[in-house]
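What follows is one structure encoded as structure tokens, with my remarks underneath.
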Amino acid sequence: MNKDLADLIKISNTTGKDSTLVQGGGGNTSVKTAGGKYMYIKASGTALKDMNAKEGWRRLRLEPVLSIITDKSLGKLDASVREPEVVNRLLLACDDNVTSGVRPSVESHLHACLEKCVIHLHPLVIAAYVNAKNGKAELDKLFKNESIVPLWVPYTDPGFMLAKKIARLVGDYQKQYGKKPAVMILEKHGLFVTAKTAETSLRLVRKVIKLCSNKLKKHKARKLKRPALKDISAAKFTIRKALFNATGREIPVGYFSANEAVSAFIQRKDAGKLLSTTALNPDELVYANGTAMWLEKCDAGTITRKLTSLINRGQKPSAAFVIKGLGLFVAADEKTAPVIADITCCSLLIRMHAVNFGGILSLTKREQDFINNWESEAFRKKLASSQ
Ligand SMILES: [Zn+2]
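Be aware that the sequence shown starts at 14, since it is given in this note's numbering, and climbs by one per residue.
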């Protein structure tokens, strides 16, 4: 295996196996070859931890990828036409022996304008800031005495618009500091780290995570007794029944034991309030169908009413349910359920942290509509999962 591909696998596997850095198929990585002719990048729909020498990546010619950002005609198209066109051009830029038809990450054009090695993650400790109203101010304080000056990226619709905005902000940064930013922090989204070598990029990830962790308070919680099996079964049955009443579909429901995050959350007086906002990020919106439903008690009538009201407002029925005294339940197939549980546990922690940083900052109605309005659901899922 050549050194650049080996570096890509190394940075991907190292960061991907840590669920506090990235959940499900989220996050992406890339490495440009010497001379800048090619870029290896994670394939869409692959998890970072699953990448290896044979699969989970594509190699692209850099020049046509960069030209996507500068193409003025794309900016004039409606998103529903533009985004599939961008994906198409990314596929055409692929130059490798991969025959499985997997697509390169939909954020390849964004990676193209950064340094040689790029790591993009959705770390829990970063979300604690980027999903809080005073998050940016708190980050400014944290980095004040550091040698790194992070680039702050205000929330932008994913895809072409985000790549274009980042290209512009990176250009401005370069003019001011004489180099590209090593760290970018994206509002309501996550972290980008870019460096000349794989080792430096990994070191940067560790450094930023450590710095941002220092200020976060531990969530104190009494240890909870594991609920009785019959109560868990009854709750599962009730949620399944309510989902059937509201949607006409039979959806399996699983219980995820109350870990520290869930235990701390369900003991809070403000738990209901913390779950009354919209989704924090595209992952929560797409995978968990939005914010988890909070229930003081588990009765089919209440759940059916809440689900029906969501559906009537054009939203999808919740896939995660947080029940006082019991814990977290997820309604989904076996493969998706653990991802939804991961995303929800992170979301609960982020929501508790946000209280200390001025309150929760979540997706606006328009931002949600943009993500929900894709013509094809498959494409929408791809967009969220492959960022
Ligand atoms: Zn992302």
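C-beta: ideal position from N, C-alpha, C; glycine also.
Which of the three DSSP states, helix, strand or coil, is assigned to residue i?
{"i": "R71", "result": "strand"}
{"i": "K209", "result": "coil"}
{"i": "N144", "result": "coil"}
{"i": "T317", "result": "helix"}
{"i": "A305", "result": "coil"}
{"i": "V266", "result": "strand"}
{"i": "S331", "result": "coil"}
{"i": "V35", "result": "coil"}
{"i": "S360", "result": "helix"}
{"i": "N15", "result": "coil"}
{"i": "R281", "result": "coil"}
{"i": "N272", "result": "coil"}
{"i": "T290", "result": "coil"}
{"i": "D312", "result": "coil"}
{"i": "G172", "result": "coil"}
{"i": "T380", "result": "With the sequence shown as reference, residue 380 is identified as Glu, and Thr is not the correct amino acid for it. Three-state DSSP puts E380 in a helix."}
{"i": "N386", "result": "coil"}
{"i": "R326", "result": "coil"}
{"i": "S159", "result": "With the sequence shown as reference, residue 159 is identified as Glu, and Ser is not the correct amino acid for it. Looking at E159 - three-state DSSP - the assignment turns out to be coil, as it is neither helix nor strand."}
{"i": "E297", "result": "helix"}
{"i": "D346", "result": "coil"}
{"i": "T28", "result": "helix"}
{"i": "S399", "result": "Residue confidence is low: S399 scores 48 on pLDDT, short of 50, so the model does not pin down where it sits. Its coordinate-derived value is still stated next. Correct three-state label for S399: coil."}
Does the beta-carbon of residue i have 16 or more other beta-carbons within 10 angstroms, so that it is buried, or is it exposed?
{"i": "A259", "result": "buried"}
{"i": "S375", "result": "buried"}
{"i": "N325", "result": "exposed"}
{"i": "P167", "result": "exposed"}
{"i": "Y53", "result": "buried"}
{"i": "V94", "result": "exposed"}
{"i": "G191", "result": "exposed"}
{"i": "L21", "result": "buried"}
{"i": "E380", "result": "buried"}
{"i": "A241", "result": "exposed"}
{"i": "A47", "result": "exposed"}
{"i": "R71", "result": "buried"}
{"i": "L105", "result": "exposed"}
{"i": "E120", "result": "buried"}
{"i": "D346", "result": "exposed"}
{"i": "S160", "result": "exposed"}
{"i": "R219", "result": "exposed"}
{"i": "P66", "result": "Note on identity: in this sequence residue 66 is Ala, with Pro being the wrong assignment. So A66 ends up on the exposed side."}
{"i": "S25", "result": "buried"}
{"i": "L90", "result": "exposed"}
{"i": "D283", "result": "exposed"}
{"i": "K236", "result": "exposed"}
{"i": "S399", "result": "At S399, the pLDDT of 48 sits below 50, so the modelled position is not reliable; the number obtained from the coordinates is stated separately. S399 should be labelled buried."}
{"i": "E297", "result": "buried"}
{"i": "T304", "result": "buried"}
{"i": "F250", "result": "exposed"}
{"i": "K201", "result": "buried"}
{"i": "M197", "result": "buried"}
{"i": "T112", "result": "exposed"}
{"i": "R364", "result": "buried"}
Assuming residue i and residue j form a contact by the criterion Cβ under 8 Å, report the distance between their Cβ atoms to the nearest whole angstrom.
{"i": "G203", "j": "I139", "result": "6 Å"}
{"i": "Y300", "j": "I252", "result": "Actually they are not in contact, since the Cβ atoms of Y300 and I252 sit about 18 Å apart, beyond 8 Å."}
{"i": "Y51", "j": "D108", "result": "7 Å"}
{"i": "K177", "j": "W165", "result": "No, K177 and W165 are not in contact; Cβ-Cβ is about 17 Å, not under 8 Å."}
{"i": "V352", "j": "G69", "result": "Contact doesn't hold; Cβ gap of about 17 Å is too wide."}
{"i": "A367", "j": "N144", "result": "6 Å"}
{"i": "T207", "j": "A195", "result": "6 Å"}
{"i": "H135", "j": "I81", "result": "The Cβ separation is near 24 Å, so there is no contact."}
{"i": "C358", "j": "V275", "result": "6 Å"}
{"i": "F340", "j": "S270", "result": "It should be pointed out that residue 340 corresponds to Gly in this sequence rather than to Phe. The Cβ separation is near 7 Å, so the contact holds."}
{"i": "L152", "j": "P163", "result": "7 Å"}
{"i": "D17", "j": "V44", "result": "5 Å"}
{"i": "I316", "j": "S214", "result": "Not confirmed; about 45 Å, so no contact."}
{"i": "L229", "j": "P330", "result": "Actually they are not in contact, since the Cβ atoms of L229 and P330 sit about 32 Å apart, beyond 8 Å."}
Let me check one thing: in DSSP terms, what residues is residue i bridge-paired to?
{"i": "L164", "result": "M197"}
{"i": "G340", "result": "I336"}
{"i": "N41", "result": "H133"}
{"i": "I373", "result": "A145"}
- Contained alpha helix (DSSP H) runs [length at least 4] in the region 50-132, N- to C-terminal order: 75-83, 85-89, 92-105 and 121-125
- Item | alpha helix (DSSP H) segments (min. 4 residues) lying fully within the region 188-261 | 211-227 and 242-260
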